[in-house]
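Colleague: A single structure is presented below for examination.
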Amino acid sequence: MKKIGMIVAVEIKSVLDKYGAGLKEESSVAGFKTYIYETNGCQLIIVNCGAGEIAAAAGTQFLISHYHVDMVVNFGVVGGLTEAMAVTKACIVEKVVHYDFDTSAVDNVEVGRYLSYPDIYIPTTAELVKMAIEMNPELVPVVCASGDKFIGDEEAKKRMHEQFGADICEMEAAGIVLTCNRNNVPCILIKIVSDSISGGADEFIERKNSVAAMCLEIVDKFISLT
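Sequential numbering from 35 applies to the sequence shown in the numbering used here.
Right, here's the structure in full:
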């Protein structure tokens with residue numbers, strides 16, 4: 035049976051609502067709340083890691099090391115950094131930039147650059163991106179700016195787009211993708227915009243649950259057809 039790991043930061047309500055009684059809660063291991071859901075010959079292992087890069091990286095490694103998953107899926111809500119990334123816009127992450135990783139003073143490289151990569155961008159699994167877009171052509175391929183800060187200010191969002199060429203921002207993608215790449219485990223990140231370029235924390239709070247549920251529907255379809 036294929037094992038798919040799902041990393042969930044702050045969108046766990048949508049998972050509980052979607053899968054309901056079919057979820058089996060695992061005994062707590064490594065401090066993570068974990069659920070198992072079986073569907074279409076696939077075992078979905080869901081880890082509620084909480085917000086932030088460290089939590090997401092630890093949760094991803096836990097899925098890989100403890101459950102030996104075949105791939106990692108992440109869905110969730112994000113901030114839009116351009117006018118095109120309006121509320122409820124669904125997108126798929128092609129590349130991530132870890133914008134608050136900075137060794138430029140000692141390595142003479144760009145902000146966000148890991149020396150194991152040729153530039154500031156950390157790629158997701160191209161084959162899965164292609165597959166998901168073929169299944170759902172409305173998914174927009176994007177660059178995701180990821181770091182340990184909620185970005186709600188419009189001017190800050192504009193600067194992030196200008197500096198890093200990013201379309202969306204959030205707080206977990208860098209930890210997930212770096213960990214998957216280092217373990218040679220495929221990963222796919224499907225996101226949906228909860229707060230637009232002119233929106234902030236209030237818009238995020240108001241729309242988080244409803245748009246997360248929309249995003250999970252897209253992910254569930256991808257999993258069922260994989």
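A virtual CB, placed ideally from N, CA and C, is assigned to each residue, including glycine.
Computed from a predicted model, the values in this text were never measured in an experiment.
Rounded to whole angstroms, what is the Cα-Cα separation between L162 and K191?
Modeller: 28 angstroms
Colleague: From A179, E59, Q77, pick the residue whose C-alpha is nearest to that of I126; which is it?
Modeller: A179
Colleague: Per DSSP, which one or two residues make a beta bridge with S180?
Modeller: H132, E204
Colleague: Quick one: grab the DSSP three-state call for I185.
Modeller: coil
Colleague: Leaving aside the five residues before and after K129 along the sequence, list all residues of the same chain whose C-beta is less than 6 angstroms from its C-beta, in chain order.
Modeller: The residues Y155, P157, V177, in chain order, have a CB closer than 6 angstroms to that of K129 in the same chain once the five nearest residues on each side in sequence are set aside.
Colleague: Among the residues of its own chain, which have a CB less than 8 angstroms from the CB of V143, if the five just before and after it don't count?
Modeller: T137, L149
Colleague: At what residues does the beta strand (DSSP E) containing K225 begin and finish?
Modeller: Looking at the DSSP string, the run of the beta strand (DSSP E) that includes K225 is 221 to 229.
Colleague: Do the CB positions of I224 and A166 come within less than 8 angstroms of each other?
Modeller: yes
Colleague: How far does the alpha helix (DSSP H) with F256 in it extend, from its first residue to its last?
Modeller: 235 to 259
Colleague: Applying the criterion that 16 or more other CB atoms from any shown protein chain within 10 Å of the CB defines a buried residue, is G233 buried or exposed?
Modeller: buried
Colleague: Could you spell out where the beta strand (DSSP E) holding M105 opens and where it closes?
Modeller: 105 to 114
Colleague: Would you say the segment 243 to 256 touches the segment 42 to 50, given that touching needs at least three Cβ pairs under 8 angstroms?
Modeller: yes
Colleague: For my contact list, A90 and I41 are in at a C-beta cut-off of 8 angstroms; report their separation, rounded to the angstrom.
Modeller: 6 angstroms
Colleague: What number of angstroms, rounded off, separates the C-alpha of G113 from the C-alpha of D229?
Modeller: 5 angstroms
Colleague: Quickly, what does DSSP pair V174 with across the bridge? List them, please.
Modeller: C125
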